[in-house]
Amino acid sequence: MPIPEKIRPISRSSMREEVYRTLLMWIMEGELRPGEKLLDKELAEKMGVSRTPVREALRRLEDKNLVESSANRWTRVTDISVEEPAMIYPIIWTLEELAIAEACGMMCETDFQRMEAANDQLESALVNGDPVGASRADAQFHDVYIECTDNPFLIGILQDLKIRYRRVEVTYFEGSSLATDSVDEHRQILASLRSGDIVRTQSMIRSNWQSSLGRLKLLAGDRENQTKE
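Numbered according to this note's numbering, the sequence shown spans residues 1 to 229.
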């Protein structure tokens with residue numbers, strides 16, 4: 001089982017949550033691939049913790065359908081389908097339109113600057129051919145206004161959905177739904193947010209997600225044609 005070589009030391013005071021978050025990130029960003037076997041002993045040794053928090057984290061991940069197990073036989077990362085984005089993206093953009101409506105009046109210049117910084121990181125990651133970094137920066141851009149809703153239910157639903165879309169996007173398409181167009185689209189979203197135009201911003205959010213989905217569909221079609229050849 002290939003485990004990342006560089007791992008931050010796990011804080012004892014928040015061990016359970018950090019172990020869970022670390023495994024979640026590895027699955028979401030493709031360090032642990034679909035179908036890969038997970039050995040709690042090996043994971044615990046690598047993280048420098050006991051097997052108990054690792055087992056607890058794996059159970060939590062299983063509840064989210066990110067890990068599956070067969071009693072006393074194996075535990076592995078669940079498979080994912082390239083068809084998932086077509087089902088997930090429309091839900092995400094609809095909920096993000098709601099998030100914009102709730103957050104728009106509560107956002108300040110500091111929030112806009114955080115979005116600018118995330119978009120700059122996205123642009124840099126795309127230039128450097130870093131799909132995981134691009135996916136992370138893209139998520140950070142959208143997370144700013146989602147967090148500003150201060151609505152834990154909306155935030156939680158979107159977080160769970162985005163775990164799934166990022167797995168598909170990074171695992172199968174190597175971040176290719178994110179193109180330089182995404183950077184320009186984000187700049188337009190930010191400008192519209194600053195102007196306080198909720199309806200226009202919502203339209204741009206939808207368009208941004210639709211563009212990403214369109215790119216994924218084209219890539220999936222190209223991959224299918226190559227397989228047939």
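Glycine included, C-beta positions come from ideal geometry on N, C-alpha and C.
Per DSSP, the beta bridge partners of residue 75 are 69. Residue 64 carries a coil assignment under DSSP once its states are collapsed to helix, strand and coil. Inter-segment contact for the segment 15-34 and the segment 70-89 is present: three or more beta-carbon pairs are separated by less than 8 Å.
Excluding residues up to 5 positions away in sequence, 75 lie with their Cβ nearer than 6 Å to the Cβ of residue 69 in the same chain. Judged by beta-carbon spacing, residue 118 lies beyond the 9 Å limit of residue 150, meaning their Cβ atoms are not closer than that value. With distances taken between CA atoms, residue 188 lies nearest to 204 out of 199, 198, 204, 180. With contact defined as three or more Cβ pairs closer than 8 Å, the segment 129-148 and the segment 35-46 are not in contact. Looking from the CA of residue 88, the closest CA among 27, 114, 169, 131 belongs to 169. For residue 28 against residue 215, the beta-carbon gap comes to about 20 Å, at or over 8 Å, which does not count as contact.
DSSP links residue 37 through a beta bridge to 76.
With contact defined as three or more Cβ pairs closer than 8 Å, the segment 108-118 and the segment 184-200 are in contact. When 127, 195, 83, 111 are compared, the shortest CA-CA separation from residue 218 is found for 83. Sixteen is the threshold: when 16 or more other Cβ atoms of the shown chains lie within 10 Å of the Cβ of residue 85, as they do, the residue is buried. Contact holds between the segment 55-74 and the segment 14-29, because three or more Cβ pairs, one in each stretch, are under 8 Å apart.
Out of 182, 41, 92, 101, the CA that lies nearest to the CA of residue 134 is found in 182. Taking C-beta atoms as the reference points, residue 61 and residue 23 count as a pair closer than 9 Å. The C-alpha of residue 131 is placed about 7 Å away from the C-alpha of residue 125. Looking at the backbone, the Cα of residue 49 and that of residue 66 are separated by about 22 Å.
For the options 152, 148, 43, 208, the alpha carbon positioned closest to that of residue 184 is the one of 208. Residue range 84-103 is occupied by the alpha helix (DSSP H) that includes residue 99.
For residue 104, the closest C-alpha among the options 26, 155, 198 is that of 198.
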